[in-house]
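Since the structure comes first, as structure tokens, the remarks are kept for the end.
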Amino acid sequence: MFKEFIKKVKQFDSVGVFSHIRPDGDCIGSQVALALWLEKNGSFARAFNDHPVPQNLQWLCSYFPIEIPDRELTAQCDAFIVVDGNAPHRFGSYEIYQQEHPRTSFMIDHHPDPEPAFDLSISVDTASSTCELIYNLFSEHDPDQIDERVAKALYTGIITDTGSLQYNSVKPSTMLATAELLKRGGFSPNEVAEQVFSNRTPQQLKLLSLALNSIQLYENNQIAIMYVTREMLEKTNTTNDDCEGFVSYPLSIAGIKAAVLLKDIDDSGIKMSLRSRSRVDVNEWAKKLGGGGHKKAAGASHPGPLKSAITDVVRIGVKQLKNIENESVLP
Ligand SMILES: [Mn+2]
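The sequence shown lines up with residues 2 to 332 when you count with the working numbering.
Dropping the structure here:
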């Protein structure tokens, strides 16, 4: 899968690696592991993101720094690799630097419907995570280059993108990859999980409690809606980052087929995270609102106000549920 990628990337002395804006564990894990791979193989690497690294992932930056890109830093790179996203606009200022000074661009990602905007794309929408793909890069090229830092970075991305190996995207190959990473990295699953998941603040739990109180169920308790407002953040002294993982709570209600978290926290409209644990395809659902993502996890936005965003998102979801029900009664 990576033969051509390896050959072509090795032609560049200096490579900048971008991940999508508002980075998650798969972004940071992929960037750190890929930048280390580049350096192990004779290239100079830099890793960029417009936004700050979430607090629970900052320990990964001691393995390889993630910098806020600027003209000077990006000018040092003669090629770019983007990870965990498949359209230039997902990478923020990357788009501007490419417009000003186009250079060879590579993409490694697992989201559906990639844009043909890159010179070479490794796009596998059945992969659990971009980190699983980067694990494949190492194992195809030289598995002995997987050291503790690489292993922990890739392991972090796999577990954060799969709900700790619970999602439908997890295949036997995903489990084999994580086992190999544990073995080569010489660490226990608990060591990484502690840093990534057990770091909530009391303020976050207060915010969670308000958000849990907002849960409303629709269509015979098959769709759950949860929201976070600016007032809730102010009351608990929290920010957008503190909502990370909240949507998994309404999704865990027995019988729920899909859940949506709506965030009404700034003047740029309502941000929605859609999750499914059924045949409901939230990528299709989000597309109807101008967003997108995966079948089981997607995002969209709405001009607001909150009440009409809820009405619209529920209406589209109910319609899809009905279509699925009708399909299943066909002979
Ligand atoms: Mn991902």
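By construction, the Cβ of each residue, glycine as well, lies at the ideal position given by its N, Cα and C atoms.
Restricting attention to beta strand (DSSP E) runs no shorter than 3 residues, the stretch 233–279 encloses them at 259–265, 271–277, ordered along the chain.
Looking at the DSSP output, V16 sits in a beta bridge with A46, A80.
Exposure of Q77 is indicated by the presence of fewer than 16 other C-beta atoms within 10 angstroms of its C-beta. In the displayed model, H295 falls within coil according to three-state DSSP, outside both helix and strand.
Distance from the Cα of I254 is smallest, within the candidate group I266, T240, M227, M233, for M227. If you check the C-beta of T131 against ligand 1, you find a heavy atom less than 7 Å away. Counted as a single uninterrupted DSSP element, the stretch harbouring V10 is not any beta strand (DSSP E) but the alpha helix (DSSP H) occupying residues 4–10.
When only Cα atoms are considered, E5 and E235 end up about 50 Å apart. Across the set P24, A152, Q32, L121, the C-alpha of L121 shows the shortest separation from the C-alpha of F3. Pairwise C-beta distances place the stretch 12–24 in contact with the stretch 38–51, as three or more of them are shorter than 8 Å. In this structure, the straight-line span from the alpha carbon of D143 to that of K41 is close to 10 Å. Around the beta carbon of A180, fewer than 16 other beta carbons sit within 10 angstroms, so the residue counts as exposed. Here E133 is buried. Its C-beta has 16 or more other C-beta atoms within 10 Å.
Within the stretch 145–229, the runs of beta strand (DSSP E) that reach at least 3 residues and sit entirely inside it are, in chain order, 217–219. Assignment of F139 by DSSP, reduced to helix, strand and coil, places it in the helix class. In the pairwise beta carbon analysis, the stretch 271–282 is classified as not touching the stretch 180–199: fewer than three pairs are separated by under 8 Å. Cβ-Cβ distances below 6 Å link W60 to Q196 in the same chain, with the five nearest sequence neighbours on each side left out; the list follows chain order. Taking a contact as a CB-CB distance under 8 Å, the pair Y95 and V83 counts as one, their CB atoms being some 7 Å apart.
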